[in-house]
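Everything below concerns the one structure shown next.
Residue numbers (the working numbering): 9 to 126.
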């Protein structure tokens with residue numbers, strides 16, 4: 009999310025050191041960033057995006073996949089015979105992000121990211 013927010017295509021920049029992205033972020037914002045800061049910047053971006061979407065009316069029911077992935081198992085390949093079980097995956101994803109069961113960032117997570125005033 010940090011690299012995406014720099015409006016750079018990560019696919020055309022494969023092999024570029026994270027240090028470069030940290031320097032670009034510093035140049036754009038005027039705030040000094042080191043390579044290790046990119047993960048927290050990305051985490052902040054991801055949570056801000058989530059808060060924006062929630063404000064605009066998106067809910068857990070919008071966190072879905074195409075119907076075909078939820079109802080048809082592939083006939084071959086590594087996922088042969090397996091239909092996506094979205095609910096347990098969403099629960100685990102939300103927990104890993106520090107969000108509640110509805111996909112809302114918890115106050116503790118927002119405070120950790122310096123976003124507790126939102």
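Every residue, glycine too, gets a C-beta built ideally from N, C-alpha and C. These numbers come from a predicted model, not from an experiment.
Point to revise | Cβ-based burial, residue 82 [other Cβ within 10 Å; buried from 16] | key: By the beta-carbon neighbour count (other beta carbons within 10 angstroms, threshold 16), residue 82 is exposed.
Point to revise | Buried versus exposed call for residue 111 [16 or more other C-beta atoms within 10 Å across all chains shown] | key: So residue 111 ends up on the buried side.
Review point. Is it true that the CB of residue 19 sits closer than 8 angstroms to the CB of residue 46?
Key: Contact flag unset, no.
Point to revise | Those runs of the alpha helix (DSSP H) which lie wholly inside the segment 21-101 and span at least 4 residues | key: Counting whole runs of 4 or more residues, the segment 21-101 contains the alpha helix (DSSP H) stretches 26-37, 45-63, 75-79.
Review point. Start and end of the alpha helix (DSSP H) containing residue 119?
Key: In the DSSP assignment, residue 119 falls within the unbroken alpha helix (DSSP H) covering 115-120.
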